[in-house]
Amino acid sequence: MSSYIMAKVDENGVRPVEQLEEMYQMLSRRFDFEKEKLEENLRNIKQAPRTSILPACCVFLPDMLCERSSFGCWLETLPIVDNASFFHDTRLLQQLSTIALADEEEQYQGLTALAGLIESAMTFSLNFSSRPSSDFSPHQKILWTLDAWESIYRVSEQISSFVLELWYIWHSSLWMLSPTGAENLSWHGCDDILPDELFKPSKMAAIHKILYGTFAIRDYPMHSLKMKATSRYLWQGSLEVDTKNFLLSTARSLFQQMIFAHIKSFEAEKFARIKAFFHFATQKTISQEDVQVMLSLLASSNHQMISSDKMKSFIEPLLRGLYLPCSSEGFMNRIGCVWLLIGALRYQLLICCTDLDPTAKYCLKYSRVMEKISSLQLETQVRSDCVHLAGSFQLREQDRSMLLEDLHAEQKKLQRKIVFRSEPEKFKEMKAGCDDFFKTVVKIVMTTVGWTQNFKNLSVEEMSGKIRNWQEMATDIIKRLSNEYSAYMDVVQPVQTAIYEMKLGLSLVLSGALSEKYLEELGKFDMESVLAAVYAFVRFPRGCAAKAVSFNADNKYTELLRYDIEFPTNISAMDLDMLDNLVNYQRKVSIDSKVSSLQLRTAMYQTVLVRVLHSVVDAHFMDKQSFKLTDRIFDELASNWMQMKLQVRTTEENKTQQFRFKPRAFKIDNILEIDISTLGSSASNESFLEWKEFHSSQESSEKNADEESEAVMDDWNYVEESSLNDMIRVHNELFGSTDIYQSPGCFHVSDASRLSSFTDSYSLGTKMIREIEGLSSSCLDAKIAPEHLLRLCLEHETKFCSPNKSALAYNFYKEPNFSMLAKMVDPLASLKQRITLLLKERDEYALQRILDIIEMILAIPLSTPLAKALSSIEFLLSRVRMLQETVAKFPLSDHLDPIFALVSSWYKLEFESWPALLDEVEDQFEKNAGKLWFPLYSVLRRGQCGETGEYNLSTIRSLKEFTEMSSIGEFKKRLQLLLAFHGHISTGLRNGTYSSLYLEDTIKILYNTFGFYAQFLPTILEHIGTKRRKIEEEVNELVKLCRWERLEDYLSIESSRRTRQKLRKIMQKYTVSHTIFY
């Protein structure tokens, strides 16, 4: 605003000094007011409940930032909103750069249409982003200029200067470090030479930190607000800017602006041809001959630098890069070279102009105008006096008066251009430094242009080393110009913009080299196909295009089978190969990752299988291509399992032995055990050790001394159990039956299942994007902004919006209950506040220990199961009781009653959840039976060797062992596996994928085996149902004995311990009933 006021000096009585002083006083008063308000809020916020400071909308209020946790949550949202603000300016610059080339009338029309976007971008950035408000002064100047369009002299030049200023701010913002530093996004040590906003998926990195970062339960409201605010910023500010088109179109516009700025150095006819070239370059393909014609036209300029041979070495490759056709593979290298040449050209034109400070030239012109004005005024006065002495009263000096007015107008214009220089002698020093740096610029340009012609034989490490050195030199000269020559900012800023353009060009060149190396290591040579495959993998909802099948309808013998129809699943065999390579590459570059390659591939296969399942359910049939895809995945997983088995077996006897289909045991602790060791990092050492000792003494007697001490070996401990179970479930739903009676595929896919599939694909897809090099990762990051938003909303709904979980639907001891866990924050905070006041009155070590325990509990992560939180509160109550009994009777009852009520409600929830544990036992038996899918696959799909009779006899023996070695808890699931494999092999034979006689015999064996043993299923299910009803009666009786209506019973830790011990015995009895062989 101050610069705008100074531009109105002496216009309409404007007095800038008084106005600036008034602005200063107003801002000073506002600053003092806000400071006092902040101090008052800081004093009051400590006394207010945590939930009382939450705003009604999804935004962080200034008052909230007084707290450390609130401030930390706000910082985590900044990369999202700053990224949105940056790309708002990016979109504006693309349009403003084109508008700046038009005449005044077209500029006015274009800016009028763009005014809404300019204002909305400025408002969004000022309200939410961390960028300084001075970054948006060009936006406001453009809007002000648009309002006063008719009254502004040479308005087109004003608009061009504002656009150039916006370019300077855009470049400087590009190289500012993100507040979070975009953790875990480091490639080849190039973090300092590849800015985050354009070359890294900074949005994805910030969302990953929000999704997977751990936070204490005391910060529950703040993290809910953090997710809502981030979702709002994504919704309001995310823009999918075509970065490649932006880089090319704006480079063309900037080059045209530099040529148009020297219009006076060209003949009118030749400049018209130059304009025609620029016009047709955007509408038709330019040839090398057109480029040569353009070079000859530019050489005709009477500007010494533009027509020089030295400049031709810059302009010729620049014209080729801007206008000649280019393949997508070489685009990044070419556009990087173009921006480097744009910056070098601008830099040379700026420093070659003169050795005289522009302000000195304006001062000289100003002094001459003032002399003319003084002389003219003196002459007018003399003439007036002469006329008066002559006795005449009429003086006709109209021409002289008009000339005086023109001189005064010229004087005002020159006065605005004069800039105060505190040290005028520094200009020559600055000019000499810029001249010296130009030698480096020439070297950089020549070397980089040579690189772009021979990228295949270059070492990325060597290139990145040289580019880093050049970037550091460019950064140093930018800082030096800002620090040492701040009085010359009107001259320095365009020079810095040119240097920033060269820095951007160098980064683009390095990005192209990194992308080529990435594709070479990946084994693919088309980045577009890689990006398309990853986007299709992450995208939601799943898009698809129908595929047509042609056949001769006139031929009555033509038969169209349903297997001939291809139903697209968005993942083809080629895409699967590419995704497999991406997963392997991600594992290779992340050597320190705890995730194994098998885990990553299994997660990817499981996601693809679920997508195929959804397509089959939607279409009500499975096409041949989908079957081949699923068959390939199942075969790959089985092969991986077989390789792992061979590595585990150490003796030749084990290698040749048939698989034993014995039932797998499991410990009841997998369902009931409360493990607090994982919470050690979130608690103080002393308090946690006391809690651990208290918990151990409480739980030690619950352990059954008769339990087996030998751990059960799990062959698939390298693969997440959830992925394995999902894969077996998909196989059963595709080829088998969910309850043995329904046909395959006859079920409904719920919205929750589709969203769960999206969550899995998003998690793996973002890992792939993290390893894509350079500009492509940032472009893909912007493209999946809707998926980012959906993932955040799903996470927020899961943690903060879901209603209280039903006690009959989840495991109280293993699964978190976010809403119930958050209820302990306010009672504990109230007790903490009371203890703090008592400490001020009476310094007791025991009170301090209670305070430490409260802090430890409030630091528990939100993902903690409710049973662990209950144990911590029991520990707190035991220490408070000990304090009351051994030290003094402190008045704490009013603050303890809400905690007692909370513990009572949690005990009630625990007791009501016990019947659900019976389902956990049955599910565990089904999961154990499901792990036999792999050995069963190896039996049914083993190689064809020996005679057919021996092969079939071996299969019969294996299937007999598979069913007869089953416990009653696993029997139904094993029959489902047989049915699913029967459907799998039958489908392959019908659609022509399989053609083996061995498999035809296997189908018959599976059919007969299933039919024989299925007759025993009703008896077994009736036996299990009878046992369950008896166990449920015992559990219900135990629940009735707990009598949660009486609060004092829950304060007895010994009572709750005995109750859990009884429950453990009941659950153990039910488990034993399922291990009986059928």
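All the letters of the sequence shown, read from the start, carry residue numbers 1 to 1078 under UniProt numbering.
Backbone N, C-alpha and C fix where the C-beta goes; we use that ideal spot for every residue, glycine too.
For alanine 846, the secondary structure class from DSSP, reduced to helix, strand or coil, is helix. A distance below 9 Å separates the beta carbons of leucine 531 and cysteine 779.
In this model, alanine 268 and serine 301 are separated by some 11 Å (Cα to Cα). By the C-beta criterion, the stretch 232 to 252 is judged to be in contact with the stretch 86 to 98, since at least 3 inter-stretch pairs fall below 8 Å. For proline 317, the three-state secondary structure derived from DSSP is helix.
By the criterion of a C-beta distance shorter than 8 Å, asparagine 725 is surrounded in its chain by Lys927 and Gly930, once the five residues flanking it on both sides are discounted. Secondary structure at proline 865: strand, using DSSP grouped into helix, strand and coil.
Measuring C-alpha to C-alpha distances from asparagine 991 to each of Thr1059, Phe875 and Lys624 identifies Lys624 as the nearest.
At the C-beta level, histidine 982 and isoleucine 1003 come within 9 Å of one another. With respect to the C-alpha of leucine 198, the residue from Val610, Lys244, Phe162 and Lys209 having the closest C-alpha is Lys244. Beyond the five residues adjoining it in sequence on each side, tyrosine 1007 comes within less than 8 Å, by CB distance, of His982 in the same chain, given in chain order. With contacts defined as CB atoms closer than 9 Å, phenylalanine 314 and leucine 350 fail to qualify as a contacting pair. The shortest C-alpha to C-alpha distance from aspartate 490 to any of Thr285, Glu165 and Leu519 is the one to Glu165. Arginine 881 sits exposed, since fewer than 16 C-beta atoms from the chains shown fall within 10 Å of its C-beta. Under the DSSP assignment, histidine 788 falls in the alpha helix (DSSP H) whose first and last residues are 785 to 796.
Under DSSP, proline 132 forms no beta bridge with any residue. From the listed residues Ser296, Ser756 and Met305, the smallest Cα separation to proline 541 is found for Ser756. Between the beta-carbon of glutamine 236 and that of serine 156 there is about 33 Å, and that puts the pair past the 8 Å contact cut.
Taking a contact to require three or more Cβ pairs closer than 8 Å, the stretch 908 to 928 and the stretch 872 to 889 do not qualify as touching. Within 10 angstroms of the beta-carbon of phenylalanine 971 lie 16 or more other beta-carbons, which makes it buried. Around the CB of leucine 940, 16 or more other CB atoms lie within 10 Å, so the residue is classed as buried.
Non-local beta-carbon contacts of asparagine 584 in its own chain, meaning distances under 7 Å to residues more than five positions away in sequence, involve Ser597 in chain order. Each residue's CA atom was taken as its position, placing leucine 225 and isoleucine 873 some 26 Å apart. Less than 9 Å divides the Cβ of lysine 200 from the Cβ of serine 777. Under the Cβ criterion (8 Å, minimum of three pairs), the stretch 266 to 282 counts as touching the stretch 292 to 308. Sequence-distant partners of serine 753 (beyond 5 residues in either direction) whose C-beta falls short of 7 Å from its own C-beta are missing from its chain.
Bounds of any alpha helix (DSSP H) do not take in cysteine 746, whose DSSP letter is neither H nor E.
Runs of the alpha helix (DSSP H) lying entirely within the stretch 333 to 407 and spanning at least 4 residues, in chain order: 358 to 389.
Using a C-beta cut-off of 8 Å, the stretch 602 to 609 makes no contact with the stretch 786 to 803, since fewer than three inter-stretch Cβ pairs fall below that distance. The residue among Arg273, Gln1061 and Thr864 with its C-alpha nearest the C-alpha of lysine 799 is Thr864.
Taken in chain order, the complete alpha helix (DSSP H) segments of 4 residues or longer contained in the stretch 214 to 301 are 220 to 237, 243 to 260, 268 to 281 and 288 to 299. Cβ-Cβ separation between phenylalanine 215 and histidine 223: approximately 5 Å, consistent with a contact (criterion under 8 Å). The residue among Lys312, His895 and Gln471 with its C-alpha nearest the C-alpha of glutamine 292 is Lys312. Between glycine 450 and tyrosine 937, the alpha-carbon positions lie close to 57 Å from each other. Residue environment for glutamine 742: exposed (fewer than 16 other C-beta atoms within 10 angstroms of its C-beta). By DSSP's assignment, proline 816 forms a beta bridge with Pro865.
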